[in-house]
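J.:
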Amino acid sequence: MEHKDVQASSQEYEPVGQAVASSKQAPDEQEGLLREEDPSLLARAQLVPGKLPGHERIRIVRPSHSSLRRVGDGVLEATEASLAPRSGSERVTYRVKRFLIGSPLTNAQAAHERLTKFKALAVLSSDAISSVAYATEASMVALLAAGAMATGIVFPISIAIVLLLAIVAISYRQTIPAYPGGGGSYIVAKDNLGTLPGLVAAASLLIDYILTVSVSVSSGVQNLASVFQGLGPYVVAIDVALVILITIVNLRGIRESGSVFAIPTYFFIASAVIMIVGGLFRAYLIDHQPFMAAFHPPTGITGTEPVSIFLILKSFASGCSAMTGVEAISNGVPAFKKPETKNAAITLTWMASILATLFIGITLLAMAYGVTPQVGGNPTVIAQIAQKVFQGPFAFFFPIFQLSVLFILVLAANTSYADFPRLASLLARDHFLPHQFAFRGDRLAFSTGIVVLAIFASALLIIFKGSTDALIGLYAVGVFMSFTLSQSGMVIHWWRLRSTERGWQRKISINALGACTTLVVAMVIASTKFLEGAWVVVILIPILVLMFMSIHKHYHGVERQRTTTVPGRAAEIKHLFIVPIAAMDRVSVQSIAYARSITKNVVAVHVSIDEGDTDKVRATWQDWAKRLPSDDKTLLVVIESPYRSLYRPILDYIDSVKELYPEFTITVLLPEFVVAHWWEHFLHNQTALRLKAALLFRPGIVVTSMPQHLPSRIPDMAEVTELSGR
Numbered sequence: 010m011e012h013k014d015v016q017a018s019s020q021e022y023e024p025v026g027q028a029v030a031s032s033k034q035a036p037d038e039q040e041g042l043l044r045e046e047d048p049s050l051l052a053r054a055q056l057v058p059g060k061l062p063g064h065e066r067i068r069i070v071r072p073s074h075s076s077l078r079r080v081g082d083g084v085l086e087a088t089e090a091s092l093a094p095r096s097g098s099e100r101v102t103y104r105v106k107r108f109l110i111g112s113p114l115t116n117a118q119a120a121h122e123r124l125t126k127f128k129a130l131a132v133l134s135s136d137a138i139s140s141v142a143y144a145t146e147a148s149m150v151a152l153l154a155a156g157a158m159a160t161g162i163v164f165p166i167s168i169a170i171v172l173l174l175a176i177v178a179i180s181y182r183q184t185i186p187a188y189p190g191g192g193g194s195y196i197v198a199k200d201n202l203g204t205l206p207g208l209v210a211a212a213s214l215l216i217d218y219i220l221t222v223s224v225s226v227s228s229g230v231q232n233l234a235s236v237f238q239g240l241g242p243y244v245v246a247i248d249v250a251l252v253i254l255i256t257i258v259n260l261r262g263i264r265e266s267g268s269v270f271a272i273p274t275y276f277f278i279a280s281a282v283i284m285i286v287g288g289l290f291r292a293y294l295i296d297h298q299p300f301m302a303a304f305h306p307p308t309g310i311t312g313t314e315p316v317s318i319f320l321i322l323k324s325f326a327s328g329c330s331a332m333t334g335v336e337a338i339s340n341g342v343p344a345f346k347k348p349e350t351k352n353a354a355i356t357l358t359w360m361a362s363i364l365a366t367l368f369i370g371i372t373l374l375a376m377a378y379g380v381t382p383q384v385g386g387n388p389t390v391i392a393q394i395a396q397k398v399f400q401g402p403f404a405f406f407f408p409i410f411q412l413s414v415l416f417i418l419v420l421a422a423n424t425s426y427a428d429f430p431r432l433a434s435l436l437a438r439d440h441f442l443p444h445q446f447a448f449r450g451d452r453l454a455f456s457t458g459i460v461v462l463a464i465f466a467s468a469l470l471i472i473f474k475g476s477t478d479a480l481i482g483l484y485a486v487g488v489f490m491s492f493t494l495s496q497s498g499m500v501i502h503w504w505r506l507r508s509t510e511r512g513w514q515r516k517i518s519i520n521a522l523g524a525c526t527t528l529v530v531a532m533v534i535a536s537t538k539f540l541e542g543a544w545v546v547v548i549l550i551p552i553l554v555l556m557f558m559s560i561h562k563h564y565h566g567v568e569r570q571r572t573t574t575v576p577g578r579a580a581e582i583k584h585l586f587i588v589p590i591a592a593m594d595r596v597s598v599q600s601i602a603y604a605r606s607i608t609k610n611v612v613a614v615h616v617s618i619d620e621g622d623t624d625k626v627r628a629t630w631q632d633w634a635k636r637l638p639s640d641d642k643t644l645l646v647v648i649e650s651p652y653r654s655l656y657r658p659i660l661d662y663i664d665s666v667k668e669l670y671p672e673f674t675i676t677v678l679l680p681e682f683v684v685a686h687w688w689e690h691f692l693h694n695q696t697a698l699r700l701k702a703a704l705l706f707r708p709g710i711v712v713t714s715m716p717q718h719l720p721s722r723i724p725d726m727a728e729v730t731e732l733s734g735r
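So for the sequence shown, our numbering puts the first residue at 10; every next one is plus one.
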């Protein structure tokens with residue numbers, strides 16, 4: 010019989026062939042024919058007799074309203090209609106969600122959500138590029154302990170940081186083609202150094218991504234407060250509001266967030282280049298100041314300690330915050346359009362070049378104009394530079410530049426929104442984080458990771474009151490630790506491939522240099538900034554690693570239980586049903602009847618609190634039991650409860666039966682009334698709900714609900730009696 014697709018709610022009549030024409034055909038055989046015709050069972054065949062013998066027809070009935078579409082034998086596809094809300098409250102929530110994050114995307118659209126190099130630079134490099142807004146200031150703040158004049162040595166420190174940036178960037182260019190699947194430090198360290206180093210790298214990066222959001226947003230708002238002084242009391246509220254805004258944009262998908270954030274990122278780069286070129290031109294060509302000799306900072310700041318190696322290292326460690334986010338591109342290689350590795354490597358080169366140029370340029374401007382950090386960070390160093398450069402007819406550009414700084418710093422958090430969820434999904438795939446982190450949302454984004462990142466970043470902003478100086482002490486420790494583990498892993502990687510990889514000596518030398526330099530920097534940062542907050546990160550990393558291992562142990566135990574040999578055939582399962590009842594009413598009778606349809610081993614349990622109610626249950630039971638077959642094993646057990654406890658005695662009885670009859674599968678069938686209105690729930694004691702919650706944690710117990718929807722007219726006793734006799 011040829012199957013034909015028909016519209017919903019339609020009915021189709023087809024002649025019965027010789028093999029199915031006989032009306033004596035058994036129902037099972039008719040259903041078998043349906044399974045051959047429609048293995049998905051999304052239709053039902055009914056035999057309809059005709060007016061004359063042999064005129065039988067099969068009527069194929071399909072659902073009147075189905076959001077499922079048949080795409081193959083036994084294969085159905087859920088259409089977008091399956092997401093449509095059913096109730097009024099669901100419709101409101103659905104419309105708000107669609108307004109905020111857009112229409113859902115299918116799996117087939119994932120390829121179109123990838124990034125071009127232009128958008129990838131905005132999404133994955135905004136963190137690193139934005140750090141030029143505060144890296145020079147962070148380095149100078151550490152030198153203020155020796156007086157304002159000591160901040161003049163920030164330029165050679167900046168040169169050292171740029172050299173370190175070049176080493177790390179070249180090292181990561183080698184990581185990209187070696188690991189085109191992304192994952193960055195976690196994957197590289199895990200594959201080459203072992204699981205524990207991989208988890209340390211992952212913990213370091215997760216902490217760094219959270220701090221990136223907090224530091225970037227707080228720094229951006231502080232720059233805005235440098236222009237609009239009245240915003241001071243509302244800094245924290247603005248911080249949290251911006252985090253929420255970035256979260257919503259990222260929930261719309263990585264491609265759309267790239268489109269939104271590309272313009273502000275390139276606007277900042279252009280504005281910073283204009284400021285640097287114009288400022289240096291004015292200082293050294295118009296004013297003819299000798300190079301590096303023009304540094305004359307205010308003399309109001311006196312030193313409390315001499316310039317020492319420790320102080321220089323501390324300044325270097327603070328300035329290394331300019332390198333946070335460098336690994337983001339190697340982590341997100343799968344987000345690029347094809348060819349992924351080539352596009353990622355080019356974007357990494359662009360990012361490193363732009364970062365180095367802007368960082369050195371802003372440091373030179375600070376020297377040229379004698380700018381030093383202010384107490385409380387207001388105005389910021391970059392704001393002071395812009396104010397001095399954009400004077401006279403160009404003064405209008407100062408607030409525009411400050412807005413561009415705000416945009417890039419806030420959008421720098423977007424790098425973390427791209428990489429934190431992706432890294433969390435890899436950890437979840439390997440069973441080190443809850444599996445929810447591996448699920449993509451409506452817009453193909455890792456929604457759980459995005460929301461969790463927003464929650465933790467907002468909490469940090471509230472706890473530290475939006476202070477960049479307080480948050481910066483926690484920064485950069487984790488990222489350099491992950492740098493070190495990643496580059497060390499690449500050394501092992503090239504060593505293993507030395508027999509097949511051309512030029513492995515050069516590659517292993519580059520990664521070895523990167524590993525050594527980043528290890529030294531990580532040690533410097535940890536030691537010089539330990540008391541300023543780095544100790545928090547040092548403690549958090551092992552705590553996170555222990556959490557990862559505990560989660561993995563749990564999932565491993567669950568998997569082991571799933572593979573344990575259990576009865577695989579229906580005949581091997583021995584059922585024993587326990588049905589708690591409060592009275593012999595319609596719900597209880599129907600529940601017992603349902604249990605009896607599966608097995609003869611059924612026990613009804615009544616907890617006796619009131620003797621009168623118990624007598625009624627016994628009397629009704631005796632009348633009902635007379636109609637049962639002689640071989641029926643259905644029992645009534647009454648548990649007297651002098652302390653008026655309901656569900657505790659039932660739980661003890663269930664535990665006892667489970668212990669005495671371990672060969673049986675114990676099923677607790679809970680009769681439940683389902684009321685018509687939400688407020689009617691408060692009129693019932695919800696004993697069944699409490700039992701379900703308690704039985705959830707008892708292994709080997711099956712819990713089944715028998716819902717009975719209350720009609721508008723409650724049936725009388727005659728109807729109950731009629732039902733009980735069936």
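Virtual Cβ for every residue (Gly too), placed ideally from N, Cα, C.
Computed from a prediction, not measured in an experiment: that's the story for all the values here.
Quick one, are the C-beta atoms of residue 426 and residue 459 less than 7 Å apart?
T.: Taking the sequence shown and counting its residues from 1, one reaches residue 426 at position 417. Taking the sequence shown and counting its residues from 1, one reaches residue 459 at position 450. A contact, by the Cβ cut-off of 7 Å.
J.: Go ahead and pull the three-state DSSP assignment for residue 715.
T.: Start at 1 with the first residue of the sequence shown, and residue 715 comes out as number 706. Residue 715 falls in the strand class under three-state DSSP.
J.: Count the other CB atoms, across all protein chains shown, that sit within 10 Å of the CB of residue 597; report buried if there are 16 or more and exposed otherwise.
T.: Here residue 597 corresponds to residue number 588 of the sequence shown, with the count starting at 1. Buried is the call here.
J.: Who are the near neighbours of residue 674 in its chain, counting only those whose CB is closer than 6 Å to its CB and skipping five residues on each side?
T.: To locate residue 674, count along the sequence shown from 1; it is residue 665. Closer than 6 Å at Cβ, skipping near neighbours: 582, 584.
J.: Quick one: complete alpha helix (DSSP H) runs, 4+ long, within the stretch 635-690?
T.: Here the runs fully enclosed are 656-669.
J.: Label residue 652 either buried or exposed according to how many other C-beta atoms from any shown protein chain fall within 10 Å of its C-beta, with 16 as the threshold for buried.
T.: Translated into positions along the sequence shown, residue 652 becomes position 643. Classification of residue 652: exposed, given that the 10 Å Cβ count is below 16.
J.: Measure the beta-carbon distance from residue 166 to residue 325 and round it to whole angstroms, keeping in mind my assumption that it falls under 8 Å.
T.: On the sequence shown, position 157 is the one that residue 166 refers to. On the sequence shown, position 316 is the one that residue 325 refers to. Sure, about 5 Å apart at Cβ, within 8 Å.
J.: So the candidates are 248, 618, 328; which of them puts its Cα closest to the Cα of residue 463?
T.: In the sequence shown, the residue the question calls residue 463 occupies position 454. Selected option, being the one with the closest Cα: 248.
J.: Per DSSP, which one or two residues make a beta bridge with residue 615?
T.: By 1-based counting over the sequence shown, the position of residue 615 is 606. DSSP output for residue 615 lists 647 as bridge partner(s).
J.: Name, in chain order, the residues that DSSP records as bridge partners for residue 55.
T.: To locate residue 55, count along the sequence shown from 1; it is residue 46. In the DSSP output, where bridge partners are listed per residue, residue 55 has 68.
J.: Within 10 angstroms of the Cβ of residue 709, are there 16 or more other Cβ atoms? Answer buried if so, exposed if not.
T.: Counting from 1 along the sequence shown, the entry for residue 709 is found at position 700. Label assigned to residue 709: exposed.
J.: Are residue 207 and residue 340 closer than 7 Å when you measure CB to CB?
T.: The residue you call residue 207 lines up with position 198 of the sequence shown. The residue you call residue 340 lines up with position 331 of the sequence shown. No; because the gap between Cβ atoms is not below 7 Å, this pair is not in contact.
J.: Specify, as a first and last residue, the run of the beta strand (DSSP E) that residue 708 falls within.
T.: Taking the sequence shown and counting its residues from 1, one reaches residue 708 at position 699. It is not in any beta strand (DSSP E) - residue 708 carries neither H nor E in the DSSP assignment.
J.: May I ask which residues mark the beginning and end of the beta strand (DSSP E) holding residue 357?
T.: Along the sequence shown, read from residue 1 onward, the residue named residue 357 stands at position 348. No beta strand (DSSP E) holds residue 357; the alpha helix (DSSP H) holding it covers 349-377.
J.: Use the C-beta contact count for residue 502: other C-beta atoms within 10 angstroms, 16 or more gives buried, fewer gives exposed.
T.: Counted from its first residue, the sequence shown places residue 502 at position 493. Classification for residue 502: buried.
J.: Got a sec? Which residues, its chain only, sit under 6 Å from residue 285 by beta carbon, not counting five neighbours each side?
T.: As a working note, residue 285 is residue 276 in the sequence shown. Only 370 meet the Cβ criterion.
J.: Considering just the uninterrupted stretch of the beta strand (DSSP E) at residue 172, what are its terminal residues?
T.: By one-based count along the sequence shown, residue 172 stands at place 163. No beta strand (DSSP E) contains residue 172, which is instead part of the alpha helix (DSSP H) from 163-187.
J.: Under 7 Å, do residue 402 and residue 390 count as touching if we go by C-beta distance?
T.: Your numbering for residue 402 matches position 393 in the sequence shown. Your numbering for residue 390 matches position 381 in the sequence shown. Result no, Cβ atoms of residue 402 and residue 390 do not sit closer than 7 Å.
J.: In the DSSP assignment, the beta strand (DSSP E) including residue 584 goes from what residue to what residue?
T.: Taking the first residue of the sequence shown as 1, we reach residue 584 at position 575. From DSSP, the beta strand (DSSP E) with residue 584 extends over 584-589.
J.: What residue does the alpha helix (DSSP H) around residue 603 start on, and which one ends it?
T.: Indexing the sequence shown from 1 puts residue 603 at position 594. That run of the alpha helix (DSSP H) goes 595-605.
J.: Please identify the residue among 512, 395, 696, 669 whose C-alpha is closest to the C-alpha of residue 232.
T.: By 1-based counting over the sequence shown, the position of residue 232 is 223. Comparing Cα-Cα distances from residue 232 to each of 512, 395, 696, 669, the minimum goes to 395.
J.: Just to confirm the assignment, what range does the alpha helix (DSSP H) spanning residue 402 have?
T.: Position 393 of the sequence shown, counted from the first residue, corresponds to residue 402. Here residue 402 belongs to no alpha helix (DSSP H), and DSSP marks it neither H nor E.
J.: List the endpoints of the continuous alpha helix (DSSP H) containing residue 430.
T.: For the purposes of this step, residue 430 is identified with residue 421 of the sequence shown, where counting begins at 1. Run containing residue 430: 406-438, per the alpha helix (DSSP H) assignment.
J.: Determine the closest residue to residue 336 out of 493, 392, 260, with distance taken between C-alpha atoms.
T.: Residue 336 sits at position 327 when you count from the first residue of the sequence shown. Comparing Cα positions, the closest option is 493.
J.: What are the boundary residues of the alpha helix (DSSP H) that includes residue 144?
T.: Translated into the one-based positions of the sequence shown, residue 144 becomes position 135. Per DSSP, residue 144 belongs to the alpha helix (DSSP H) from 144-152.
J.: Count the other C-beta atoms from every protein chain shown that fall within 10 angstroms of the C-beta of residue 496, then say buried if there are 16 or more, exposed otherwise.
T.: By one-based count along the sequence shown, residue 496 stands at place 487. That one is buried.
J.: With a cut-off of 8 Å, do at least 3 Cβ pairs link the stretch 504-523 to the stretch 561-570?
T.: Flag = no, the stretch 504-523 and the stretch 561-570 do not touch.
J.: Quick check on DSSP: helix, strand or coil for residue 104?
T.: In the sequence shown, the residue the question calls residue 104 occupies position 95. Residue 104 falls in the helix class under three-state DSSP.
J.: For the stretch 133-141 and the stretch 353-360, state whether three or more C-beta atom pairs, one from each stretch, are separated by less than 8 Å.
T.: The stretch 133-141, when compared against the stretch 353-360, does touch it at the 8 Å Cβ threshold.
J.: Less than 7 Å between the beta carbons of residue 642 and residue 609, yes or no?
T.: Taking the first residue of the sequence shown as position 1, residue 642 is located at position 633. Taking the first residue of the sequence shown as position 1, residue 609 is located at position 600. In contact: residue 642 and residue 609 (Cβ atoms closer than 7 Å).
J.: Tell me the rounded alpha-carbon separation between residue 551 and residue 145.
T.: Residue numbering aside, residue 551 sits at position 542 when the sequence shown is read from its first letter. Residue numbering aside, residue 145 sits at position 136 when the sequence shown is read from its first letter. Using only the alpha carbons, I get a separation of about 31 Å.
J.: Going by beta carbon distance, what residues of the same chain come within less than 6 Å of residue 486, once the five residues before and after it are set aside?
T.: Here residue 486 corresponds to residue number 477 of the sequence shown, with the count starting at 1. Hits under 6 Å: 534, 535, 543, 546.
J.: Between the Cα of residue 557 and the Cα atoms of 440, 620, 624, which residue gives the shortest distance?
T.: Numbered from 1 along the sequence shown, position 548 holds the residue referred to as residue 557. Of 440, 620, 624, the residue nearest in Cα terms is 440.
J.: Just the Cα atoms here: how many angstroms apart are residue 736 and residue 569?
T.: Summary: the structure shown does not reach residue 736, with the chain confined to residues 10 through 735, and so no result is reported for it.
J.: Go ahead and pull the three-state DSSP assignment for residue 123.
T.: As a working mapping, residue 123 is identified with position 114 in the sequence shown. Three-state DSSP puts residue 123 in coil, outside helix and strand.
J.: In three-state DSSP terms, what is residue 700?
T.: Along the sequence shown, read from residue 1 onward, the residue named residue 700 stands at position 691. Of the three classes helix, strand and coil, the one that applies to residue 700 here is helix, per DSSP.
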